[in-house]
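Since the structure comes first, as structure tokens, the remarks are kept for the end.
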Amino acid sequence: MSDIIQTAIIGARGYVGFELIQLIDKHPMTKLIAAYSREYNGTKICDIVPKFSDKELKYRADEIESVVDLDTDVLFLALPNNIAAKYNNLWKQLSCDKIIIDLSSDFRFDNDWQYCQPETCTLNANSANLIANPGCYATAGQLGLLPVKDFIKGTPNIFGISGYSGAGSKPCDNNNPEKLQDNLMAYKLTGHIHEKEISKVIGQKVNFMPHVAEFFRGIHLTISVELKSALKPEDVFQMYSKFYKEAELINISAEIPQVQSVQNTHNVNIGGFTVDNNHLVLCVTIDNLLKGAATQAIQNMNLALKERYNLQINTGII
Numbered sequence: 022m023s024d025i026i027q028t029a030i031i032g033a034r035g036y037v038g039f040e041l042i043q044l045i046d047k048h049p050m051t052k053l054i055a056a057y058s059r060e061y062n063g064t065k066i067c068d069i070v071p072k073f074s075d076k077e078l079k080y081r082a083d084e085i086e087s088v089v090d091l092d093t094d095v096l097f098l099a100l101p102n103n104i105a106a107k108y109n110n111l112w113k114q115l116s117c118d119k120i121i122i123d124l125s126s127d128f129r130f131d132n133d134w135q136y137c138q139p140e141t142c143t144l145n146a147n148s149a150n151l152i153a154n155p156g157c158y159a160t161a162g163q164l165g166l167l168p169v170k171d172f173i174k175g176t177p178n179i180f181g182i183s184g185y186s187g188a189g190s191k192p193c194d195n196n197n198p199e200k201l202q203d204n205l206m207a208y209k210l211t212g213h214i215h216e217k218e219i220s221k222v223i224g225q226k227v228n229f230m231p232h233v234a235e236f237f238r239g240i241h242l243t244i245s246v247e248l249k250s251a252l253k254p255e256d257v258f259q260m261y262s263k264f265y266k267e268a269e270l271i272n273i274s275a276e277i278p279q280v281q282s283v284q285n286t287h288n289v290n291i292g293g294f295t296v297d298n299n300h301l302v303l304c305v306t307i308d309n310l311l312k313g314a315a316t317q318a319i320q321n322m323n324l325a326l327k328e329r330y331n332l333q334i335n336t337g338i339i
């Protein structure tokens, strides 16, 4: 076991890859030794990520299979959906002596991979070599519902709005600033993959309605829940505060959280608890690129290597 955790990123070009590079560079126990990007091949990473401390390391565009020859401890997969799954046998082969953390949706329902939202899952560190990172909306949704999971009656409804970075960097209508100007675009109003994730985690179906807005980053969810019995807003507040009392990144407030307050942070803000008899409405905000993606990947790495490197869940984050 080396003193420093050697890491590599496949899919380093995108918005999440950009954030991962910075977090790995900032972490006291990690070093980035390879970043794969065909578009940036041969470009110094510091030319794209100015804060990156290694002024010589360049992006590379080797075939994905070449990672077999990398002397890495952790491999982050920040690829678009439906690409990592094509190489599942390779990841399983590599997982004999490496930790693979996938940030796409490809393995979130695969029993060979451990799905882990760091604050609420129990990661089996002895076999946590294949880890599926939760989705961004799914992170906010499950964190918003888990404290009242046992009190829910009926089907929760979740209205979600994301900044257009959630649509990725490849041009499309959902990340086109001209089409989004003074606009709000609904999409995938039933059957969204994050709807399935949230439903699986809380153990019952939810309805999720996503929208994309003209701001770049951040997520806001408004969650409407029918409860089995009436609760007072102050009781709900105490319930959430107690549930997340050990979670340093999760903030509980009586006020409605704002997207601006979580942009470029690792935080989850939950609040605005409003009750009408047994009808509860609350709001959740996160940064989709950080807590909804890159931050959680680092947290999951910390959990998987906790014993070997004496790490805490938020080492390198706060």
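Terminal number for the sequence shown in this note's numbering: 339, no gaps in between.
All C-beta atoms, glycine included, are put in the ideal place defined by N, C-alpha and C.
Spatially closest choice to residue i from the options, by CA coordinates
{"i": "L303", "options": "Q135, L98, H232, F180", "result": "F180"}
{"i": "K217", "options": "N62, R81, R129", "result": "R129"}
{"i": "N285", "options": "F237, E86, L164", "result": "F237"}
{"i": "Q163", "options": "K191, A106, F229, N195", "result": "F229"}
{"i": "E86", "options": "Y80, A105, S74, Q27", "result": "A105"}
{"i": "V227", "options": "I219, D46, K312", "result": "I219"}
{"i": "Y108", "options": "T93, D118, V89, D94", "result": "V89"}
{"i": "H215", "options": "K253, K170, N154", "result": "N154"}
{"i": "E276", "options": "K266, E269, T295", "result": "T295"}
{"i": "Y158", "options": "S23, S116, V289", "result": "V289"}
{"i": "G63", "options": "L41, E40, A33", "result": "A33"}
{"i": "T176", "options": "E235, I223, K119", "result": "I223"}
{"i": "K170", "options": "Y261, Y61, I338, D24", "result": "Y261"}
{"i": "A161", "options": "I338, V283, D75", "result": "V283"}
{"i": "L44", "options": "Q333, L332, N298, Q320", "result": "Q320"}
{"i": "E235", "options": "E40, A188, L210", "result": "A188"}
{"i": "Q114", "options": "S23, M50, N150, D46", "result": "N150"}
{"i": "L166", "options": "S186, T141, Q202", "result": "T141"}
{"i": "I273", "options": "Q279, G212, W112, G292", "result": "G292"}
{"i": "F39", "options": "L301, T211, S186, M206", "result": "S186"}
{"i": "G156", "options": "I25, I42, N102", "result": "N102"}
{"i": "Y136", "options": "E328, R59, I26, Q317", "result": "Q317"}
{"i": "E60", "options": "F172, Q279, A314, G35", "result": "G35"}
{"i": "K209", "options": "V233, V280, L78, Q202", "result": "V233"}
{"i": "H287", "options": "P71, A315, I42, L301", "result": "A315"}
{"i": "Q225", "options": "Q202, I42, M206, N178", "result": "N178"}
{"i": "D131", "options": "K119, C117, D118, W112", "result": "W112"}
According to DSSP, residues forming a beta bridge with residue i
{"i": "S389", "result": "The requested residue 389 does not occur in the structure, where the chain is confined to residues 22 to 339."}
{"i": "T306", "result": "H241, N290"}
{"i": "E247", "result": "H300"}
{"i": "T28", "result": "L53, V95"}
{"i": "I121", "result": "L96, L151"}
{"i": "G181", "result": "P231, L242"}
{"i": "I173", "result": "L248"}
{"i": "Q135", "result": "I152"}
{"i": "R129", "result": "DSSP output for R129 lists no bridge partner at all."}
{"i": "R81", "result": "Y57"}
{"i": "K65", "result": "K79"}
Supposed contact pair residue j and residue i - C-beta distance, whole angstroms, cut 8 Å
{"i": "F264", "j": "P168", "result": "4 Å"}
{"i": "I30", "j": "A99", "result": "6 Å"}
{"i": "P231", "j": "S190", "result": "Incorrect: roughly 19 Å between the Cβ atoms, too far for contact."}
{"i": "E247", "j": "N335", "result": "Going by Cβ atoms, the distance from E247 to N335 rounds to 34 Å, so no, they are not a contact pair."}
{"i": "K249", "j": "K174", "result": "5 Å"}
{"i": "L324", "j": "L144", "result": "5 Å"}
Where the alpha helix (DSSP H) containing residue i begins and where it ends
{"i": "V222", "result": "214-223"}
{"i": "L205", "result": "Where L205 is concerned, there is no enclosing alpha helix (DSSP H), although the beta strand (DSSP E) it sits in stretches over 205-207."}
{"i": "Q317", "result": "316-325"}
{"i": "P254", "result": "254-264"}
{"i": "I42", "result": "36-47"}
{"i": "A161", "result": "157-166"}
{"i": "E340", "result": "Any property of residue 340 remains undetermined from this structure, which presents the chain solely from 22 to 339."}
{"i": "Q15", "result": "Residue 15 falls outside the range modelled here, since the chain spans only 22 to 339, and no answer is possible."}
N-terminal and C-terminal residue of the beta strand (DSSP E) that residue i is part of
{"i": "I54", "result": "51-57"}
{"i": "V341", "result": "With the chain running from 22 to 339 in the structure shown, residue 341 is simply not present."}
Taking one C-beta from the region 306-315 and one from the region 239-254 each time, how about it: are there three or more such pairs within less than 8 Å? yes
Is the number of C-beta pairs between the region 120-133 and the region 48-56 that are closer than 8 Å three or more? no
Would you say the region 64-79 touches the region 94-103, given that touching needs at least three Cβ pairs under 8 Å? Of all C-beta pairs linking the region 64-79 to the region 94-103, fewer than three are shorter than 8 Å, placing the two stretches out of contact.
Is it a yes or a no for the region 245-259 touching the region 193-209, going by three-plus beta-carbon pairs under 8 Å? A contact between stretches requires three or more CB pairs, one per stretch, nearer than 8 Å, and the region 245-259 fails this requirement with the region 193-209.
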